[in-house]
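In this note's numbering, the protein residues as written are 4 to 197.
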């Protein structure tokens with residue numbers, strides 16, 4: 004039997020409303036991933052056997068900002084690759100994050116390009132980025148150069164990654180002998196998807 008006391012009904016209704024509101028707000032509040040630590044632009048992630056490191060550049064302000072995953076080439080590093088682009092991109096309001104892949108200068112060298120391990124690293128890096136309160140998790144792009152271009156193509160091919168835009172620079176296979184290279188002028192502006 005449910006009590007008919009108005010005070011009791013109000014308290015139950017108020018508590019139910021608070022539970023629903025809390026659940027609703029929890030879907031909008033992003034919690035930082037456990038195991039993620041940042042000092043300056045350097046970040047690390049550790050969870051069991053998984054240990055990742057890279058760099059993260061944030062624009063001034065609270066956001067939410069779009070995020071760009073920057074993937075380095077063979078023998079490169081997250082820090083070296085991101086330092087070429089991130090300072091200018093953050094001025095345009097874009098968060099830049101990069102991770103060291105197995106083909107990094109000091110990497111394990113066990114796999115290269117779009118290997119399962121490197122795709123896993125890229126996806127975990129995006130999960131970390133999307134968890135940051137100043138990142139808009141729906142506005143995600145990827146940029147890869149050389150061997151990092153292979154990672155970018157592999158990542159974009161995975162629908163779970165939810166990449167909205169991608170740029171591949173000097174990645175891919177050599178063209179056939181009869182291929183004619185067409186040089187295009189550089190773009191007059193760069194835009195990020197809204």
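Glycine included, every Cβ here is placed at the ideal spot set by N, Cα and C. Please read all numbers here as calculations on a predicted model, not as lab measurements.
Item to check | For residue 170, the first and last residue of its enclosing beta strand (DSSP E) | outcome: Counting from one through the chain shown, the residue named residue 170 turns up at place 167. 168 to 172 is the span of the beta strand (DSSP E), which, as asked, contains residue 170.
Item to check | Three-way DSSP call (helix, strand, coil) for residue 62 in this model | outcome: Start at 1 with the first residue of the chain shown, and residue 62 comes out as number 59. Residue state, collapsed to three classes: coil.
Checklist entry - Beta carbon of residue 92, beta carbon of residue 145: below 8 Å? => result Looking up residue 92 in the chain shown gives position 89. Looking up residue 145 in the chain shown gives position 142. The answer is no: Cβ separation not under 8 Å.
Next on the checklist: Just to confirm my understanding: we take residue 170, look at its own chain, exclude 5 residues before and 5 after, and list those with CB closer than 8 Å. What are they?
Outcome noted: Position 167 of the chain shown holds residue 170. 144, 145, 146, 147 and 155.
Checklist entry - Could you give the C-beta distance for residue 102 and residue 57, rounded to a whole number, given that I count them as a contact under 8 Å? => result Translated into positions along the chain shown, residue 102 becomes position 99. Translated into positions along the chain shown, residue 57 becomes position 54. Their Cβ separation, rounded to whole angstroms, is 4 Å, which keeps residue 102 and residue 57 in contact under 8 Å.
Item to check | Proximity to residue 162 [Cα-Cα], best of 67, 122 and 51 | outcome: Start at 1 with the first residue of the chain shown, and residue 162 comes out as number 159. Answer by Cα proximity: 122.
Checklist entry - Would a C-beta distance cut-off of 8 Å place residue 142 and residue 69 closer than the cut-off? => result The residue given as residue 142 occupies position 139 in the chain shown. The residue given as residue 69 occupies position 66 in the chain shown. Cβ distance < 8 Å, so residue 142 and residue 69 count as in contact.
Checklist entry - Residues in its own chain within less than 7 Å of residue 118 by CB, not counting five upstream and five downstream? => result Indexing the chain shown from 1 puts residue 118 at position 115. Closer than 7 Å at Cβ, skipping near neighbours: 105.
Next on the checklist: Measuring only the C-alpha atoms, how far is residue 36 from residue 139?
Outcome noted: On the chain shown, residue 36 is found 33 positions in, with the first residue counted as 1. On the chain shown, residue 139 is found 136 positions in, with the first residue counted as 1. Roughly 15 Å separates the two Cα atoms.
Checklist entry - In whole angstroms, what separates the C-alpha of residue 25 from that of residue 172? => result The residue labelled residue 25 in the question sits at position 22 within the chain shown. The residue labelled residue 172 in the question sits at position 169 within the chain shown. Any reading at residue 25 needs caution, since the residue's pLDDT is 34, under 50, leaving its predicted position unreliable; the model's value is listed next. Answer to the nearest angstrom: the Cα atoms are 44 Å apart.
Next on the checklist: Quick check: what's the CA-CA separation for residue 151 versus residue 174?
Outcome noted: In the chain shown, residue 151 corresponds to position 148, counting from 1. In the chain shown, residue 174 corresponds to position 171, counting from 1. Whole-angstrom Cα-Cα distance: 7 Å.
Next on the checklist: I need the straight-line Cα distance from residue 153 to residue 40, nearest angstrom please.
Outcome noted: For the purposes of this step, residue 153 is taken as residue 150 along the chain shown, with counting starting at 1. For the purposes of this step, residue 40 is taken as residue 37 along the chain shown, with counting starting at 1. Each residue's Cα considered, the two are about 27 Å apart.
Next on the checklist: Between the alpha carbons of residue 42 and residue 160, how many angstroms are there, rounded?
Outcome noted: For the purposes of this step, residue 42 is taken as the residue at position 39 of the chain shown. For the purposes of this step, residue 160 is taken as the residue at position 157 of the chain shown. Whole-angstrom Cα-Cα distance: 32 Å.
Next on the checklist: Am I right that residue 127 and residue 48 are in contact with their C-beta atoms under 8 Å? What's the rounded C-beta distance?
Outcome noted: As a working mapping, residue 127 is identified with position 124 in the chain shown. As a working mapping, residue 48 is identified with position 45 in the chain shown. Sure, about 7 Å apart at Cβ, within 8 Å.
Item to check | Of the listed residues 164, 125, 133 and 60, nearest to residue 96 (C-alpha basis) | outcome: As a first step, residue 96 is located in the chain shown; it is residue number 93 there, counting from the start. That would be 60, whose Cα lies nearest to the Cα of residue 96.
Checklist entry - Candidates 157, 64 and 167: which alpha carbon is nearest residue 120's? => result As a working mapping, residue 120 is identified with position 117 in the chain shown. When only C-alpha atoms are compared, the closest one is 157.
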